[in-house]
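*Asks:* The listed protein sequences derive, respectively, from chains A and B. Just so we're aligned: 103 in the numbering used here is position 5 of the first sequence, and the numbers increase by one with no gaps anywhere. Just so we're aligned: 244 in the numbering used here is position 146 of the second sequence, and the numbers increase by one with no gaps anywhere. Think of the CB as a built atom: it goes at the ideal place given N, C-alpha and C, for glycine as much as any other residue. One structure follows; several queries about it will come next.
2 protein chains.
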Amino acid sequence: MMSNEMGFASFRSQMKLSKEEICREIFLHNSDSIKIRKEGVAVRNLSRILDAALKLCNSKGFSSMSLRDLSRESGLSMGAMYSYFRSKEDLLRMIQAQGRSVVLRVLGRVTEGIDDPLLKLRRVIQAHLYASEVLQPWFYLSYMETRNFPRDEYKKSIEAELFTENMLIEIIDSGQKRGLFKSMDAVLLGAVIKSMLQDWYLKRWKYYKRKMSVEQYSEFLLNFIESSILCDTRV
Amino acid sequence: MMSNEMGFASFRSQMKLSKEEICREIFLHNSDSIKIRKEGVAVRNLSRILDAALKLCNSKGFSSMSLRDLSRESGLSMGAMYSYFRSKEDLLRMIQAQGRSVVLRVLGRVTEGIDDPLLKLRRVIQAHLYASEVLQPWFYLSYMETRNFPRDEYKKSIEAELFTENMLIEIIDSGQKRGLFKSMDAVLLGAVIKSMLQDWYLKRWKYYKRKMSVEQYSEFLLNFIESSILCDTRV
DNA sequence: TTTTTTAGAACGAGCGTTCGCTTTTTTATT
DNA sequence: AATAAAAAAGCGAACGCTCGTTCTAAAAAA
């Protein structure tokens, strides 16, 4: 159907989203919270803690996950875990902040230097889907636990949500001004596109059961959206 | 833009979704859980409990809401509350089951006797939006707390989610077979329509801030979807 | 008086967090 | 290369608190 997009595999390798890479970033950005000095040790155990936390939070929710659960699942003792975060809430903050930073980085990277609104729209949609495919538990957690964030983090979380949405809205707007897209409420369009992007990581079990790949979903979504918003000046 | 749909106001009055009506239904359907005999007393206090529970759950989540919070907010003592539900989990089940039953009733009612796929699609979309407008806290709670349901209720909840989706899929399918809708993946289309319906009650704060009414959202959604799926055999 | 409803103290369990200690790893010195 | 000193990391029992739930007695209604 369309080209000039990258496949999921190349996206994954280009964006450096491996577990280790991410834990390394968390380690470097949270020296206030993390008492461990040696990177090797920190990354290894952070990885175990985050795996366990994401698994437990995604199945029973953050506030129903006890630190004893987390200790059992991660294989670390209570005391040891407290060398990797200051408090339970602090752990949530770290996870959430990292997810946010990845989204900003990825969306920034795939759109830089792109001018054509249609191409830009495709890139954003695809990148968002791909990123949420790689980091599904991160995205899911951020979405479901927003309510439990402390005031500051809550605000940042809302801002990040609106940032993505505004990105979409601006693209739509510029596409409409150039006569490429039909005239319709850009704000609402941005909102519903966002909701379709979110469905991919919120209802992952459903798509998994239907053996749907992220590429398939991505292509469907692009076709669906384009056939609704594109002007008829092309085939 | 289009007619043969009802306005929000008439929907509200026709479907009998007042707080009292709903509490009465809950009282009648849960005689096992509710120890109170007199309907008047039960409805009055159920109403206070449900108001409080929905408020607290929607702001901090079900598992972060303590029964002492609930007691304070509802004005009832611990002991009194336990005459209206068997356990905290039981309370969640009651709320959730009632929401489910309303959706089934409403969607059944608005589609009965309707044959034309396009009209049926419009009706389902609109009814779902209207119902979630009236019962936003119910819908939000059901969506966010599915994970905390006990096994049986969890299954029923998933089934209800798929029921709505299958309703959409069947309508799309029949529309395609009659040559009214373009040929495209009906299952995926159903899924993304569902996600846009859900956005209305999940991101209510956003639409509220933008002063968007349910009628506006409904009309936008219908136009957006129709312009993507309708065949070109009309203006 | 009898029945229904409400009140709130009491109970055991489990929570997040802390802290003194042990074990492991690194560094320094021979 | 061996060893002692120092630093880093890990451990888990213990603490104070809050949780969901129960129970008995009081209040209200019939």
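Could you tell me if residue 101 (chain A) is buried or exposed, where buried requires 16 or more neighbouring beta carbons within 10 angstroms of its beta carbon?
*Replies:* Note on residue 101 (chain A): pLDDT 40, under 50, position unreliable in the model; no value is reported.
*Asks:* Okay, do the segment 312 to 326 of chain A and the segment 191 to 202 of chain B touch, 3+ Cβ pairs below 8 Å being the bar?
*Replies:* no
*Asks:* Under three-state DSSP, which class holds residue 233 (chain B)?
*Replies:* coil
*Asks:* Use the C-beta contact count for residue 329 (chain B): other C-beta atoms within 10 angstroms, 16 or more gives buried, fewer gives exposed.
*Replies:* exposed
*Asks:* Going by Cα to Cα distance, which pick from B:187, B:110, B:226 and B:270 is closest to residue 206 (chain B)?
*Replies:* It is B:226 whose Cα lies nearest to the Cα of residue 206 (chain B).
*Asks:* Under the rule that 16 or more other beta-carbon atoms within 10 Å means buried, what is residue 107 (chain A), buried or exposed?
*Replies:* It counts as exposed.
*Asks:* Pop quiz: residue 238 (chain A) and residue 299 (chain A) are said to be a contact at Cβ under 8 Å. What is the actual Cβ separation, rounded to whole angstroms?
*Replies:* Going by Cβ atoms, the distance from residue 238 (chain A) to residue 299 (chain A) rounds to 6 Å, so yes, they are a contact pair.
*Asks:* Just mark residue 215 (chain B) as buried or exposed, buried being the case when its beta carbon has 16 or more other beta carbons within 10 Å.
*Replies:* buried
*Asks:* Examine chain B for any beta-carbon lying closer than 8 Å to the beta-carbon of residue 284 (chain A), and answer yes or no.
*Replies:* no
*Asks:* Could you list the residues in the segment 299 to 310 of chain B with a C-beta less than 9 Å from some C-beta on chain A, going in chain order?
*Replies:* Only those residues of the segment 299 to 310 of chain B whose C-beta falls short of 9 Å from the nearest C-beta of chain A are listed: 300, 301, 303, 304, 305, 308 and 310.
*Asks:* Going by DSSP in three states, residue 174 (chain A) sits in which element: helix, strand or coil?
*Replies:* coil
*Asks:* On the three-state DSSP scale, how would you describe residue 183 (chain A)?
*Replies:* In the structure shown, residue 183 (chain A) falls within a coil segment according to DSSP collapsed to helix, strand and coil.
*Asks:* Where residue 286 (chain B) and residue 269 (chain B) are concerned, what is the direct C-alpha to C-alpha distance, given to the nearest angstrom?
*Replies:* 13 Å
*Asks:* Rounded to a whole number of angstroms, what is the C-alpha to C-alpha distance between residue 302 (chain A) and residue 145 (chain B)?
*Replies:* 36 Å
*Asks:* Are the CB atoms of residue 151 (chain A) and residue 126 (chain A) within a distance shorter than 8 Å?
*Replies:* no
*Asks:* Could you tell me which of B:176, B:219, B:140 and B:210 sits nearest to residue 118 (chain B), measuring between CA atoms?
*Replies:* B:140
*Asks:* Go ahead and pull the three-state DSSP assignment for residue 100 (chain B).
*Replies:* Confidence at residue 100 (chain B) is low in this model, with a pLDDT of 38, below 50, so its placement is unreliable and the value that follows should be read with caution. Three-state DSSP puts residue 100 (chain B) in coil, outside helix and strand.
*Asks:* With 7 Å as the limit, tell me which residues of the segment 164 to 189 of chain B have their beta carbon closer than that to any beta carbon of chain A; keep them in chain order.
*Replies:* Only those residues of the segment 164 to 189 of chain B whose C-beta falls short of 7 Å from the nearest C-beta of chain A would be listed, and there are none.
*Asks:* Any chance you could list the alpha helix (DSSP H) runs of at least 4 consecutive residues sitting entirely within the segment 266 to 303 of chain A, in chain order?
*Replies:* 284 to 300
*Asks:* Can you list, in chain order, the residues of its chain with a C-beta nearer than 8 Å to that of residue 327 (chain B)? Leave out the 5 residues immediately preceding and following it.
*Replies:* 270, 273, 279, 280, 282 and 287
*Asks:* With DSSP as the reference, label residue 328 (chain A) as helix, strand or coil.
*Replies:* strand
*Asks:* So, does the segment 234 to 252 of chain B touch the segment 155 to 168 of chain B, judging by three or more C-beta pairs under 8 Å?
*Replies:* yes
*Asks:* Within 8 Å (strictly less), CB to CB, does residue 297 (chain B) reach chain A?
*Replies:* For residue 297 (chain B), the answer is yes, since a Cβ of chain A falls inside 8 Å of its Cβ.
*Asks:* Are the segment 252 to 270 of chain A and the segment 162 to 177 of chain B touching, with three or more C-beta to C-beta distances below 8 Å?
*Replies:* Counting Cβ pairs under 8 Å, fewer than three are found: no touch.
*Asks:* Mapping the DSSP letters down to three states, classify residue 333 (chain A) as helix, strand or coil.
*Replies:* Reliability of the predicted coordinates at residue 333 (chain A) is poor, the pLDDT of 45 falling under 50, and no value is obtained from them.
*Asks:* Got a sec: is the Cβ-Cβ distance from residue 245 (chain B) to anything in chain A below 8 Å?
*Replies:* So yes, residue 245 (chain B) belongs to the interface.
*Asks:* Around the C-beta of residue 115 (chain A), are 16 or more other C-beta atoms found within 10 angstroms, so that it is buried, or is it exposed?
*Replies:* Under a 10 Å Cβ-count criterion, residue 115 (chain A) is classified as buried, with 16 or more other Cβ atoms of the shown protein chains found around its own Cβ.
*Asks:* Count the other C-beta atoms from every protein chain shown that fall within 10 angstroms of the C-beta of residue 202 (chain A), then say buried if there are 16 or more, exposed otherwise.
*Replies:* Flag for residue 202 (chain A) reads exposed.
*Asks:* Starting from the Cα of residue 186 (chain A), find the closest Cα among A:208, A:155, A:211 and A:121 and give me that residue.
*Replies:* A:155
*Asks:* For the putative contact between residue 232 (chain A) and residue 221 (chain A), defined by C-beta atoms under 8 Å, what is the C-beta separation to the nearest angstrom?
*Replies:* Between residue 221 (chain A) and residue 232 (chain A) the Cβ distance is about 16 Å, and since that is not below 8 Å, they are no contact.
*Asks:* From B:276, B:218 and B:247, pick the residue whose C-alpha is nearest to that of residue 262 (chain B); which is it?
*Replies:* B:218
*Asks:* Decide if residue 325 (chain A) is buried, meaning its Cβ has at least 16 other Cβ atoms within 10 Å, or exposed.
*Replies:* exposed
*Asks:* In angstroms with no decimal places, state the Cα-to-Cα distance between residue 276 (chain B) and residue 289 (chain B).
*Replies:* 21 Å
*Asks:* Helix, strand or coil: which one does DSSP assign to residue 203 (chain A)?
*Replies:* helix
*Asks:* State the Cα-Cα distance for the pair residue 148 (chain B) and residue 111 (chain A), rounded to the nearest angstrom.
*Replies:* 50 Å
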